[in-house]
Amino acid sequence: LQPWLRSAAASGASDMRLPGVKRARPEDVGMDSGHLLSHTIANEKYIKKSFMPGVAECVVSDNRLVYTAFQGFQDEEVGIPMTEPVIAPLLLPDEAITSFGLMLLKEEGKIRLNDPVWKYIPSFRHMLVLKDKSAVQPGPRGGGVEPARRPITLRHLIAHTSGLGYGPGRTDREERLDPNGGVEAMYLQLTQDLDEGRVADLQTFCDRLAELPLRFHPGSKYQYSMGMDVLGRVIEVVSGMRLDAFLRRRVFEPLGMRDTTFAVRPGLARRRLTAFYQVQTLSRNRMSKKPEKFKYMRRDGQMPEASAWVCGRSIPVLSGGGIMGSFAGGLVSSLRDQVLFCSAIANMGFSHHTGRQVLKPQTVKLMCKDWLKLKSVTPKRKLQGWNDQPGCKTMGWSALGFCDGDTLFMGGVGSWSIERSTKTICISMSNAWCEDNDVHGWVEEVDELEGAVKTARSLFLQGVAAEAPQKVRGCIRASHAETAPAKRQRKA
1 LQPWLRSAAA SGASDMRLPG VKRARPEDVG MDSGHLLSHT IANEKYIKKS
51 FMPGVAECVV SDNRLVYTAF QGFQDEEVGI PMTEPVIAPL LLPDEAITSF
101 GLMLLKEEGK IRLNDPVWKY IPSFRHMLVL KDKSAVQPGP RGGGVEPARR
151 PITLRHLIAH TSGLGYGPGR TDREERLDPN GGVEAMYLQL TQDLDEGRVA
201 DLQTFCDRLA ELPLRFHPGS KYQYSMGMDV LGRVIEVVSG MRLDAFLRRR
251 VFEPLGMRDT TFAVRPGLAR RRLTAFYQVQ TLSRNRMSKK PEKFKYMRRD
301 GQMPEASAWV CGRSIPVLSG GGIMGSFAGG LVSSLRDQVL FCSAIANMGF
351 SHHTGRQVLK PQTVKLMCKD WLKLKSVTPK RKLQGWNDQP GCKTMGWSAL
401 GFCDGDTLFM GGVGSWSIER STKTICISMS NAWCEDNDVH GWVEEVDELE
451 GAVKTARSLF LQGVAAEAPQ KVRGCIRASH AETAPAKRQR KA
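Counted from 1, the sequence shown has number 269 at position 269 by the numbering used here; the numbering is strictly sequential.
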């Protein structure tokens with residue numbers, strides 16, 4: 001392995017220390033360490049193929065840290081290797097943290113999930129809905145609008161069934177901001193104003209958002225939106241605190257999360273903040289037509305101090321959903337902090353790190369349900385989720401992210417998953433974004449951290465890796481082959 005590769009798949013875990021989370025070997029929790037090492041080697045190959053500059057990963061099972069890997073570069077241009085203290089933008093996994101904070105207010109009786117949003121943000125009281133969602137603008141020429149059949153509730157915001165939308169996106173502020181369709185065009189001016197710092201705070205943002213018609217009637221459809229950002233404002237109104245102060249005092253400190261914040265100081269950015277890169281496809285496989293060669297480009301300035309997540313350069317509107325404007329905003333966090341947050345979910349609201357019961361077990365249980373089946377969310381029997389496609393038809397949406405059986409998943413630039421029955425947590429933090437994520441030759445049993453963990457558990461149960469079925473042996477060989485594809489990023 002290269003000298004900048006730091007992995008502890010075979011010996012247990014590296015020097016990352018978490019009070020309340022013991023270190024152990026993979027075999028101590030029923031996993032084959034050799035197969036986890038195959039995943040580490042696959043990551044090293046993907047870095048060489050320029051699919052990603054670096055990645056930080058870990059696995060916790062039954063409150064024991066059994067695998068960590070820090071590979072590639074935190075900042076390639078500056079020459080800083082990926083290490084345990086690294087801080088990276090989350091982009092979307094923020095949503096689970098915002099939801100966690102809202103549920104604290106629910107436990108205190110300060111909100112009810114069926115409350116209409118206008119109770120806290122009056123500008124949402126009389127919402128209109130587009131009759132034609134392909135319309136470029138509301139009004140007679142744009143297809144017209146009609147009154148919403150029901151008010152938006154807090155449940156609708158959490159479940160992404162509110163009818164709110166997103167504006168156009170990009171990965172470089174120097175790129176032209178082109179809306180894709182009529183709905184994005186309606187959000188164009190708001191998005192531009194956010195990027196330029198012309199929206200002062202969450203209150204102003206929500207009032208501007210409420211002026212735009214909804215894409216569909218609340219509760220009639222699931223579609224990703226700015227709903228979690230609106231919930232951030234609800235938290236501010238109910239708590240009387242700015243969102244960043246509330247999350248720090250009520251979520252981060254009780255869980256021991258010391259690295260998670262909306263913006264970092266320039267000095268800290270130089271030492272610990274990852275650069276942000278965009279991956280582009282150079283060529284596709286002739287047979288599968290899927291991408292197999294890549295390059296990445298830096299998208300957040302040439303130096304860490306120029307990042308959009310540095311104090312003085314970050315968007316002033318605090319995002320509870322992970323993205324604010326065309327492509328910035330939201331929280332930055334560390335691998336350590338993400339372990340602490342996910343561990344609190346796996347342990348039904350209890351933090352082994354601080355010894356505190358932060359959320360009640362029944363509240364966490366509610367959060368883990370598929371909300372697209374709840375009558376309080378939709379009048380339909382069940383809404384079709386974002387990933388309802390062959391192989392993903394059982395996947396729904398919870399208050400913490402995607403859910404499938406007892407497994408929760410949330411992803412953006414990085415991702416985390418929690419298998420609740422075994423308290424197995426997989427966290428992968430990268431510093432690159434890839435739109436074309438269905439790469440040629442993807443082998444889930446090796447290339448994906450969750451898939452590697454499942455296979456490692458299966459191999460351990462069989463005794464030794466050499467006795468594994470032919471299919472699994474082929475997967476392991478594929479991870480070492482020079483022609484294997486680059487790692488696919490799952491995007492939430």
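Glycine included, each C-beta is placed from N, C-alpha and C at the ideal position.
With a cut-off of 8 Å, do at least 3 Cβ pairs link the region 56-64 to the region 18-30? Because the criterion of three Cβ pairs below 8 Å is met, the region 56-64 and the region 18-30 touch.
Quick check on the DSSP output: what are the complete beta strand (DSSP E) runs of length 3 or more inside the region 69-150, in order along the chain? Every unbroken stretch of the beta strand (DSSP E) spanning 3 or more residues and falling wholly within the region 69-150 is given here in chain order: 87-89, 128-130, 145-147.
If you drop the 5 nearest sequence neighbours on each side, which residues of the same chain put their C-beta closer than 6 Å to that of Gly144? Closer than 6 Å at Cβ, skipping near neighbours: Lys131.
Quick check on Gln280: does DSSP put it in helix, strand or coil? Gln280 falls in the strand class under three-state DSSP.
Check the C-beta distance from Gly30 over to Phe460 and give it rounded, since I have them as a contact under 8 Å. The pair is a contact, with the Cβ atoms about 5 Å apart (cut-off 8 Å).
Which of helix, strand or coil does DSSP assign to Glu419? Under the three-state reduction of DSSP, Glu419 is assigned to strand.
Between which residues of its own chain and Gly12 is the CB-CB distance below 7 Å, once the five residues before and five after are set aside? Note that Gly12 has pLDDT 40, beneath the 50 cutoff, so the model's placement of it is unreliable and no number is given.
C-beta contact flag for Asp259 and Arg150 at 9 Å: Between Asp259 and Arg150, the C-beta gap is not smaller than 9 Å, which leaves the two residues out of contact.
Lys45, enclosing alpha helix (DSSP H) - first and last residue: Counting along the chain, the alpha helix (DSSP H) containing Lys45 begins and ends at 33-48.
Measure the C-alpha to C-alpha separation of Asp436 and Ala456 and round it to an integer number of angstroms. Cα to Cα, Asp436 sits roughly 28 Å from Ala456.
By how many angstroms is the C-alpha of Met395 removed from the C-alpha of Val364? Those two C-alpha atoms are separated by around 19 Å.
Alpha-carbon spacing of Gln362 relative to Arg284, whole angstroms: Approximately 48 Å, taken between the alpha carbons.
Classification of Gln223 by the beta-carbon crowding that lies within 10 angstroms, buried from 16 upward: Label assigned to Gln223: buried.
Determine the DSSP secondary structure at Gly377, reduced to helix, strand or coil. Sequence inspection shows Val at residue 377; the Gly mentioned does not correspond to that position. If DSSP states are grouped into helix, strand and coil, Val377 belongs with coil.
Of the choices Pro254, Ala269, Cys403, whose alpha-carbon is the least far from that of Ala306? Checking every option, the nearest Cα to that of Ala306 belongs to Ala269.
Unbroken stretches of the alpha helix (DSSP H), 4 residues or longer, contained in the region 213-245: Here the runs fully enclosed are 227-239.
Per-residue burial, Asn431 [other beta carbons within 10 Å of its own, 16 or more giving buried]: By the 16-neighbour rule on beta-carbons within 10 angstroms, Asn431 is buried.
Could you tell me which whole alpha helix (DSSP H) segments of length 4 or greater appear in the region 242-312? Listed in chain order, they are 243-247, 266-272.
Distance, Leu282 Cα to Pro93 Cα: Distance between the alpha carbons of Pro93 and Leu282 is about 29 Å.
Enclosing beta strand (DSSP E) for Gly411 [first to last residue]: Segment 407-411, the beta strand (DSSP E) holding Gly411.
Phe402: first and last residue of the uninterrupted beta strand (DSSP E) it sits in: Its beta strand (DSSP E) spans residues 401-404.
Opposite Lys22 in the DSSP bridges: which residues? In the DSSP output, where bridge partners are listed per residue, Lys22 has Arg64.
CA-to-CA distance, Val129 to Pro213, given in whole angstroms: Rounded to whole angstroms, Pro213 to Val129 spans 5 Å at the Cα level.
On a CA-only basis, which of Thr161, Val264, Leu194 is nearest Leu177? Give me that one, please. Selected option, being the one with the closest Cα: Leu194.
Who does Gly396 pair with in a DSSP beta bridge? Bridge partners of Gly396: Cys403.
Looking at Val317: is its Cβ nearer than 9 Å to the Cβ of Leu104? Cβ distance not < 9 Å, so Val317 and Leu104 don't count as in contact.
Per DSSP, which residues does Met429 bridge with? Please list them. Looking at the DSSP assignment, Met429 forms a beta bridge with Ala56.
Could you tell me the boundaries of the beta strand (DSSP E) in which Val332 lies? Boundaries of the beta strand (DSSP E) around Val332: 332-334.
Is the Cβ-Cβ distance between Val339 and Ile425 less than 9 Å? Yes, the pair counts as a contact, with Cβ atoms nearer than the cut-off.
Let me check one thing: in DSSP terms, what residues is Ser343 bridge-paired to? The partner list for Ser343 (beta bridge, DSSP) is empty, contrary to what the question assumes.
Whose CA, out of Trp433, Ile97, Ile152, Thr274, lies closest to the CA of Lys295? Of Trp433, Ile97, Ile152, Thr274, the residue nearest in Cα terms is Trp433.
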